[in-house]
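What follows is a short report on a single structure.
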Amino acid sequence: MADKKQNKKIVNIPIRKHTSFSSLKEYNVLQPTPKLHFFIKLSYVIMKNFKLLIRSRTSALIFFFGPLFIMFVVSMGFNTSNLQGINVATYSESYSPLTESLIMNLSNDLNLEKKNSEQDCINSVRLATHHICLIFPSGMAVDNSANNNIQVYADESRTNLADTVIEKLASKVEIHSKEMSSGIITQMLGTLDSINKEVEVGKLGIAKVNENTNAGLTNVQDLLGSIDEFDFTNTIDITPLSDEIDDIKDSANISSSVFSNLEDLIEAIQLDVDAKLSAAKQKAIDVQEEGQSVKSSLQNTPAKIAEVENSLNSIRESISTLKVTNVANIVSPIKTTIKPLTANRSYLAYVLPPLLALLVMFVSLLLSATSMVREKESSAHFRNFITPTKDILFITGHFFSHISLLILQIAIMLGVTAIFIHGIPLTIYLLAGVLLVIFATFFIFLGMFLGNLFNSGESVSIAALSVATISLLFSNTVLPLEAVTGFLRTIVKYNPFVIVDSTLRQLLVFESISLSNQLYILLGGIILSFILTLVANKLREKTFNNG
Numbered sequence: 032m033a034d035k036k037q038n039k040k041i042v043n044i045p046i047r048k049h050t051s052f053s054s055l056k057e058y059n060v061l062q063p064t065p066k067l068h069f070f071i072k073l074s075y076v077i078m079k080n081f082k083l084l085i086r087s088r089t090s091a092l093i094f095f096f097g098p099l100f101i102m103f104v105v106s107m108g109f110n111t112s113n114l115q116g117i118n119v120a121t122y123s124e125s126y127s128p129l130t131e132s133l134i135m136n137l138s139n140d141l142n143l144e145k146k147n148s149e150q151d152c153i154n155s156v157r158l159a160t161h162h163i164c165l166i167f168p169s170g171m172a173v174d175n176s177a178n179n180n181i182q183v184y185a186d187e188s189r190t191n192l193a194d195t196v197i198e199k200l201a202s203k204v205e206i207h208s209k210e211m212s213s214g215i216i217t218q219m220l221g222t223l224d225s226i227n228k229e230v231e232v233g234k235l236g237i238a239k240v241n242e243n244t245n246a247g248l249t250n251v252q253d254l255l256g257s258i259d260e261f262d263f264t265n266t267i268d269i270t271p272l273s274d275e276i277d278d279i280k281d282s283a284n285i286s287s288s289v290f291s292n293l294e295d296l297i298e299a300i301q302l303d304v305d306a307k308l309s310a311a312k313q314k315a316i317d318v319q320e321e322g323q324s325v326k327s328s329l330q331n332t333p334a335k336i337a338e339v340e341n342s343l344n345s346i347r348e349s350i351s352t353l354k355v356t357n358v359a360n361i362v363s364p365i366k367t368t369i370k371p372l373t374a375n376r377s378y379l380a381y382v383l384p385p386l387l388a389l390l391v392m393f394v395s396l397l398l399s400a401t402s403m404v405r406e407k408e409s410s411a412h413f414r415n416f417i418t419p420t421k422d423i424l425f426i427t428g429h430f431f432s433h434i435s436l437l438i439l440q441i442a443i444m445l446g447v448t449a450i451f452i453h454g455i456p457l458t459i460y461l462l463a464g465v466l467l468v469i470f471a472t473f474f475i476f477l478g479m480f481l482g483n484l485f486n487s488g489e490s491v492s493i494a495a496l497s498v499a500t501i502s503l504l505f506s507n508t509v510l511p512l513e514a515v516t517g518f519l520r521t522i523v524k525y526n527p528f529v530i531v532d533s534t535l536r537q538l539l540v541f542e543s544i545s546l547s548n549q550l551y552i553l554l555g556g557i558i559l560s561f562i563l564t565l566v567a568n569k570l571r572e573k574t575f576n577n578g
């Protein structure tokens with residue numbers, strides 16, 4: 032007992048009415064000799080924090096197994112690359128065969144239900160019983176008078192789901208539309224091909240007609256020439272016949288009355304011949320005039336045939352200018368192929384980066400903030416101010432206590448991830464772990480800062496949740512950052528949650544091992560939050576001394 036008393040020296044302190052707790056530290060009523068090493072003190076502080084944490088078994092179990100349970104459930108639920116249970120409501124005043132075929136095509140991957148009215152279809156989306164409402168036009172058909180406009184109603188408040196479902200629905204409608212377009216264009220190309228063949232046949236027929244016309248024109252020309260050579264002059268001279276009759280009458284001393292009938296008959300024959308020749312001449316003139324008319328027509332026919340031939344040639348040339356005759360190229364002259372940057376993975380690979388960042392952020396903030404308040408409310412709070420221990424020791428002890436637990440949780444979460452996502456190298460997981468530890472460091476110091484500002488567990492919990500909510504809202508998790516306007520858009524780029532989310536995405540999704548330069552911003556944030564924690568701790572100590 033004497034040895035123990037010799038190891039302690041009693042210091043008489045002049046206790047005054049306004050003696051501060053800092054003066055008690057300076058005098059150190061029971062100062063141990065020798066002093067404990069810094070790291071030994073640090074280990075005591077860490078063990079003390081662990082004891083405070085596990086004092087409530089329920090809290091300890093929630094802390095350890097809560098993130099593990101969340102990671103396990105999310106990994107089980109999102110380990111797929113397809114959307115499940117998409118319900119689509121449809122309505123049309125008159126379902127045509129085209130509408131039915133389109134619905135049949137959509138029903139292969141979607142759950143379709145016909146509604147009795149347009150309003151019922153829209154209300155089903157508002158009531159969240161269906162994801163999409165499709166309003167088909169009445170009697171939808173493929174003709175010139177048709178208005179094939181399908182109205183799509185979606186709940187835009189569920190931005191990510193609405194965009195995904197609409198994109199999937201549009202792709203299926205586009206496929207069906209392309210099939211119909213292919214049939215129509217195939218029919219059009221077949222018609223053009225038939226026209227082209229008929230033009231070739233018509234050209235051959237025109238050439239034959241032209242040849243026959245030229246031959247007919249030659250024949251008409253020869254005929255007209257032959258008609259011109261006709262001589263319609265009466266060359267029969269009856270004068271010698273009359274002289275012979277007169278000689279006979281004189282020699283035979285026959286009376287003139289005997290030959291009068293013969294002379295009349297001969298004269299009548301001559302008149303008749305003259306009349307016949309005159310009529311034949313007139314007919315020949317008429318035929319010649321008609322022949323000239325036919326000749327003129329035949330002469331104009333080649334020009335008209337040439338015009339028709341030129342028209343057919345123009346049609347053929349127009350058809351030949353159609354360079355694209357492939358149906359697929361006509362339906363989609365410009366094709367867009369979306370190539371993924373990574374192999375086809377499940378939704379878990381895309382949900383994982385923000386989920387890991389979210390869990391680490393909430394746990395770091397709440398753990399460090401509530402532990403500071405819990406220590407204020409403990410009986411050791413008074414002893415911390417009168418012991419000759421620097422503030423940096425307590426801050427460091429709190430940090431190592433929290434970061435060791437966070438490292439354990441990060442390792443567990445990444446281990447669960449490795450079970451469900453295969454093919455990611457171990458190096459990527461190690462880099463992701465380092466990144467999350469740096470991220471946790473920032474929010475641990477930030478939580479300690481909040482814990483020094485507030486004195487009740489309710490206040491510090493609300494403050495921590497508010498900081499986490501703001502970090503979450505101003506990230507790509509809820510809405511794209513491109514939707515933020517004004518100066519806030521510049522500020523949110525420095526959001527630690529955004530930085531870690533984008534960097535984790537590069538690591539876990541794209542397997543890029545080059546860490547972003549934005550990590551320097553995160554390191555700067557750690558230094559700033561550490562300084563704020565020191566300042567807040569000094570202010571708390573000053574307030575405690577003055578109180």
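Residue numbers for the sequence shown follow the numbering used here, beginning at 32 and rising by one. Note that CB positions come from ideal geometry on N, CA and C, so glycine has one too.
Non-local beta-carbon contacts of Tyr525 in its own chain, meaning distances under 7 Å to residues more than five positions away in sequence, involve Ile552 in chain order.
Under the DSSP assignment, Thr121 falls in the beta strand (DSSP E) whose first and last residues are 118–122. From the listed residues Ala388, Leu477, Phe431, the smallest Cα separation to Leu445 is found for Ala388. At a Cβ-Cβ threshold of 8 Å, Val404 and Leu437 do not count as neighbours.
In the DSSP secondary-structure assignment, Ala185 is bridged to Ile163.
Below 8 Å, too few C-beta pairs join the segment 487–495 and the segment 454–472 to call them touching: fewer than three.
A direct Cα-to-Cα measurement between Ser497 and Asn179 gives close to 50 Å. Under the three-state reduction of DSSP, Lys145 is assigned to strand. Under the 10 Å beta carbon count, Lys407 is surrounded by 16 or more other beta carbons and is classified as buried.
For His162 and Leu133, the gap between their C-alpha atoms comes out near 18 Å. Under the Cβ criterion (8 Å, minimum of three pairs), the segment 554–562 counts as touching the segment 470–486.
Residue state for Pro456 is assigned as coil, using DSSP reduced to three classes. In the DSSP annotation of this structure, the continuous segment of the alpha helix (DSSP H) that includes Ala494 starts and ends at 488–504.
Boundaries of the alpha helix (DSSP H) harbouring Glu131: 128–137, taken from the DSSP string. When DSSP states are grouped into helix, strand and coil, Val529 belongs to the helix group.
A Cβ-Cβ separation of about 7 Å places Ile426 in contact with Met479 under the 8 Å criterion.
A residue is called buried once 16 or more other Cβ atoms fall within 10 Å of its Cβ, and His453, having fewer, is exposed. For Val515, the secondary structure class from DSSP, reduced to helix, strand or coil, is coil.
The alpha-carbon of Lys239 is positioned some 33 Å away from that of Thr217.
Considering only Phe476, Asn142, Ser123, Glu144, the residue with the shortest C-alpha distance to Ser169 is Ser123. Assigned with DSSP and collapsed to three states, Pro384 falls in helix.
Only exposed fits Val566, as fewer than 16 other CB atoms lie within 10 angstroms of its CB. Annotated as distal: Phe476 and Leu503, with beta-carbon spacing of 8 Å or more.
Contact check for Ile450 and Glu542: beta-carbon distance about 18 Å, past the 8 Å limit, so the pair fails to qualify. Between the alpha carbons of Glu149 and Ser533 lies a distance of about 43 Å. Distances from the alpha-carbon of Met78 to those of Ala495, Phe431, Glu338 put Phe431 closest. Shortest Cα-Cα distance from Ala499 to any of Leu461, Leu386, Arg571, Gln537 involves Leu386.
Considering only Asp140, Leu538, Ala120, Asp224, the residue with the shortest C-alpha distance to Glu348 is Asp224.
It is roughly 31 Å from the alpha-carbon of Gly428 to the alpha-carbon of Leu457. Distance from the CA of Ile530 to the CA of Leu129, rounded to the nearest whole angstrom, comes to 50 Å.
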